[in-house]
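Position in the sequence shown counted from 1, then plus 9, gives you the working numbering. We treat Cβ as the ideally placed atom computed from N, Cα and C, and that holds for glycine.
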Amino acid sequence: MAVRGADNAFVFPHSHAFRRDRISVDDDRKIGPGCLVEFGDGVTVIAEWHPVEGAIHLSIPTYRIAKETEVAPQTWRLVLDNDGYWRLERVW
């Protein structure tokens, strides 16, 4: 379920981001750095995204999963695959 009220929201199926995960993108077609990221365990964080050459770069700050484990900040590249789904392609 996407987070409502955000200009753009990204929904991850797990408590962490994993390479090749399929991501739901609730896109209102507005370009702007602020967005919400909701993880599968219910944790939501404010992040930044930017369109880059047909892809999306998503920078997620440090956050804690529901079980209190801290996850370091990461920047992911999301690409639209041949099936029409957004997937995590690589991390920096």
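DSSP beta-bridge partners for S33?
Looking at the DSSP assignment, S33 forms a beta bridge with V20.
My assumption, with CB atoms under 8 Å, is that Y72 sits in contact with V54. Please give the rounded CB distance.
With a beta-carbon spacing of about 5 Å, Y72 and V54 fall inside the 8 Å limit used to define contacts.
Starting from V54, trace the beta strand (DSSP E) in both directions and tell me its first and last residue.
Where V54 is concerned, the enclosing beta strand (DSSP E) stretches over 53-61.
Run through the DSSP bridge pairs and tell me what T84 is partnered with.
S68
V20 burial status per 10 Å Cβ neighbour count (16 or more: buried):
buried
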